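So the structure is just underneath, and the comments pick up after that.
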Amino acid sequence: MFTTVISISLAAILTNNFIFAQFLGCCPFLGCSNKVDTATGMGLAVVFVMGLASAICWVVNEYILVVMGLEFLQTLTFILVIAALVQFVEMFLKKAVPSLYSALGIYLPLITTNCAVLGVVLLNVQNNYNFIESVVYGITGGLGFMLAIVLFASVRERIAFSDYPECFEGFPICLVSAGLLALAFMGFSGMKIV
Amino acid sequence: MKTILLSMLVLGVTGGIFGALLAFASKIFHVDVDPKQEKVRAALAGANCGGCGYPGCDGYAAAVARGEAPTNKCVAGGAATAAAVAEIMGVTAGASEKMVAFVPCSGTEGHAEMRFNYTGPKDCRAAMLFGGKSNKTCTFACIGLGNCVKACKFDAMHIVDGIAKVDRYNCVGCGACADACPKSIIKLIPESQKVVPACSNKDKGARVMKICDFGCIGCMKCQRECPADAIVVKDNLATVDPAKCVGCGHCADVCPRHIINWFGKQSQAV
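Residue numbers (the numbering used here), protein chains in the order written: chain W, 15 to 208; chain D, 2 to 271.
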């Protein structure tokens with residue numbers, strides 16, 4: 015059990031990083047990486063929602079969809095669950111933990127329709143993970159996302175002050191450096207837990 | 002058939018449950034927002050220009066409602082908004098002098114000497130990379146590639162004849178253009194100030210004479226002729242003291258370089 019958890023975590027954070035290896039959640043990755051602060055906020059929100067969504071969606075899948083033989087409704091149901099969940103969490107945080115609410119700010123509702131969140135719950139089903147494995151995969155997948163976006167934000171902060179051809183100004187240079195980062199993460203792909 | 006019905010049922014019921022839960026939760030977790038904050042937010046201009054110094058109109062409304070911010074900071078809304086906000090907060094409005102942006106440069110195309118013909122990206126900062134100054138010989142001149150135009154959210158900034166020109170009717174005085182100007186020449190002046198010299202060059206007169214048809218040469222004529230002693234030539238550049246200026250516009254008439262803008266008439270002079 016322990017080794018599976020470790021291997022799932024390592025895979026989610028490094029070898030199968032959601033952004034750099036599976037290319038899920040690229041939109042917030044590019045949109046929210048101007049500053050390290052916002053990137054951290056976004057990353058935290060993703061960790062939070064991914065973990066919760068994995069837990070709830072596993073239960074919904076196992077005890078409603080599989081029991082009724084309706085596995086083909088997974089995508090639809092998961093979107094519904096995630097959207098409702100994010101709304102609920104937002105309301106709850108606003109009331110119970112205002113400090114966390116203001117820290118996550120606008121990022122919570124933003125990731126309602128993030129494909130990385132939907133991706134993680136669908137992958138949980140595909141990989142036949144049990145409840146604990148699903149939650150671990152969700153949280154570590156979020157951590158991988160956070161690692162990627164914070165790294166990239168710090169790279170972008172440096173790019174802002176460096177010399178590059180003017181035709182690359184704005185998004186082009188950003189995409190080039192994202193590609194280089196993804197290339198760097200490919201170095202992890204040889205890792206295996208035995 | 003059974004599968005279709007079942008899936009409709011399951012999705013419908015799940016959706017219904019979630020909807021009910023959310024409705025229920027919104028009642029339980031309802032957070033009372035200060036009603037003043039909502040009213041203040043409604044009274045603001047809503048341009049999110051940042052001229053007040055807070056992150057957007059919501060941020061400013063929250064700060065006003067908490068009593069931390071003065072009520073007259075919404076530059077886009079001007080005096081009317083300040084009065085409305087003050088009324089909501091139950092305080093008297095502090096005087097909020099309407100400010101407008103001004104570009105103190107008259108070096109229009111063909112009149113200011115060019116150092117080189119710039120054809121790079123349409124961006125003042127990019128143009129400044131060549132020698133770190135400008136494409137014009139005058140180091141104080143407006144480059145005229147429109148960083149301020151891009152920054153203006155109110156369509157008040159336009160490039161006319163190669164330099165930036167402020168549309169005083171549209172300008173709300175948020176100062177976004179002044180921040181965006183890499184030459185830092187754009188100033189915010191009180192709208193009531195009638196006389197503004199449109200040049201920033203502090204070089205000696207002889208040099209200015211050579212490089213620009215419309216540069217202040219520091220001839221002191223305005224200083225001598227001003228009936229109110231409101232114009233002083235400092236660092237080879239005419240400056241107006243708005244407190245003393247009576248707005249007669251005499252300086253604009255006598256200036257041999259025709260660079261003093263007089264806003265006494267409805268339209269801008271020169």
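Every residue gets a Cβ at the ideal spot worked out from N, C-alpha and C, and that includes glycine. Model, not experiment: these values are computed from the prediction.
Within chain D, partners of residue i - CB distance below 9 angstroms
i	result
Met-105/W	Leu-23, Ala-26, Ser-27, Ile-29, Phe-30, His-31, Val-32
Glu-180/W	Gly-121, Pro-122, Asp-124, Ala-127, Leu-130
Where residue i meets chain D, residues with beta-carbon distance less than 8 angstroms
i	result
Phe-102/W	Leu-22, Leu-23, Ala-26
Lys-49/W	Going along chain D, no residue has its Cβ under 8 angstroms from Lys-49/W, so there is no contact; the nearest lies around 13 angstroms.
Ala-174/W	Within chain D, no residue comes near Ala-174/W; the closest Cβ sits about 12 angstroms away, beyond 8 angstroms.
DSSP bridge partner residues for residue i (one or two, in chain order)
i	result
Phe-103/D	Lys-188/D
Ile-164/D	Val-161/D
Thr-240/D	Val-233/D
Asn-262/D	Val-197/D
Ala-113/D	Cys-213/D
Lys-137/D	Met-115/D
Whole-Å CB distance - residue i paired with residue j, under 8 angstroms assumed
i	j	result
Pro-122/D	Glu-180/W	5 angstroms
Asn-31/W	Phe-199/W	5 angstroms
Ile-89/D	Lys-37/D	6 angstroms
Lys-154/D	Cys-50/D	5 angstroms
Asn-148/D	Ala-181/D	5 angstroms
Leu-35/W	Thr-154/W	The sequence given here places Ala at residue 35/W; Leu does not occur at that position. Going by Cβ atoms, the distance from Ala-35/W to Thr-154/W rounds to 13 angstroms, so no, they are not a contact pair.
Asn-73/D	Ala-83/D	4 angstroms
Leu-79/W	Leu-87/W	6 angstroms
Val-197/D	Val-241/D	6 angstroms
Ile-96/W	Val-131/W	6 angstroms
Ile-215/W	Pro-186/W	Not covered by the structure: residue 215/W. The range shown for chain W is 15 to 208.
Contacts of residue i in chain W (Cβ-Cβ under 9 angstroms)
i	result
Leu-289/D	The structure shown does not extend to residue 289/D, since chain D spans only 2 to 271, so no value can be given for it.
Rounded straight-line distance, which links the Cα of residue j to that of residue i
i	j	result
Gly-248/D	Val-76/D	24 angstroms
Ser-268/D	Ile-260/D	In this prediction, Ser-268/D scores a pLDDT of 45, lower than 50, which makes its location untrustworthy; no coordinate-derived value is stated.
Ser-184/D	Ala-85/D	According to the sequence displayed, residue 184/D carries Lys and not Ser. The straight-line gap from Cα to Cα measures roughly 37 angstroms.
Leu-107/W	Ala-26/D	12 angstroms
Leu-130/D	Arg-172/W	19 angstroms
Val-271/D	Ala-44/D	Because the pLDDT of Val-271/D is 40, which lies under 50, any placement of that residue in the model is unreliable, and the number read from its coordinates should be weighed accordingly. Straight-line Cα distance between these residues: approximately 38 angstroms.
Val-134/W	Thr-127/W	12 angstroms
Met-100/D	Ala-142/D	22 angstroms
Val-32/D	Met-9/D	35 angstroms
Val-60/W	Glu-110/D	53 angstroms
Leu-161/W	Gly-219/D	59 angstroms
Asn-262/D	Ala-253/D	6 angstroms
Glu-114/D	Cys-223/D	25 angstroms
Thr-89/W	Val-11/D	14 angstroms
Glu-203/D	Ala-66/D	A small correction: the amino acid at residue 203/D is Lys; Glu does not occupy that position in the sequence shown. If you take the alpha carbons of Lys-203/D and Ala-66/D, they lie about 45 angstroms apart.
Phe-182/W	Leu-38/W	24 angstroms
Lys-3/D	Leu-84/W	11 angstroms
Ile-33/W	Phe-159/W	6 angstroms
Leu-238/D	Cys-217/D	6 angstroms
Gly-45/W	Ala-167/W	10 angstroms
Ser-203/W	Thr-54/W	25 angstroms
Lys-235/D	Gly-206/D	12 angstroms
Glu-226/D	His-251/D	8 angstroms
Tyr-143/W	Gln-101/W	26 angstroms
Pro-257/D	Ser-107/D	14 angstroms
Ile-212/D	Thr-52/W	47 angstroms
Lys-151/D	Cys-188/W	21 angstroms
Asn-118/D	Thr-138/D	11 angstroms
Ser-23/W	Val-150/W	7 angstroms
Asp-156/D	Pro-191/D	19 angstroms
Cys-175/D	Gly-47/D	13 angstroms
Gly-193/W	Gly-13/D	42 angstroms
Gly-68/D	Ile-18/D	42 angstroms
Under 7 angstroms by beta carbon: chain W residues contacting residue i
i	result
Ala-16/D	The identity of residue 16/D in the sequence shown is Gly, whereas the question assumes Ala. What Gly-16/D touches in chain W: Leu-94.
Glu-7/D	As written in the sequence, residue 7/D is Leu, which differs from the Glu given in the question. Within chain W, the residues near Leu-7/D are Met-82, Leu-84.
Phe-264/D	Going along chain W, no residue has its Cβ under 7 angstroms from Phe-264/D, so there is no contact; the nearest lies around 37 angstroms.
Phe-103/D	Those within 7 angstroms of Phe-103/D in chain W number zero; the least Cβ separation is about 29 angstroms.
Phe-19/D	Leu-94, Ala-98
Check distances from the C-beta atoms of the stretch 106-139 of chain D to those of chain B and list, in chain order, the residues that come in under 8 angstroms. Among the protein chains of the structure shown, namely W and D, there is no chain B.
Residues of the stretch 51-80 of chain W in Cβ contact with chain D at a cutoff of 8 angstroms, in chain order, please. Val-74, Ile-78, Leu-79
Of all the residues that make up the stretch 144-169 of chain W, which are near chain D by a beta-carbon distance shorter than 7 angstroms? none
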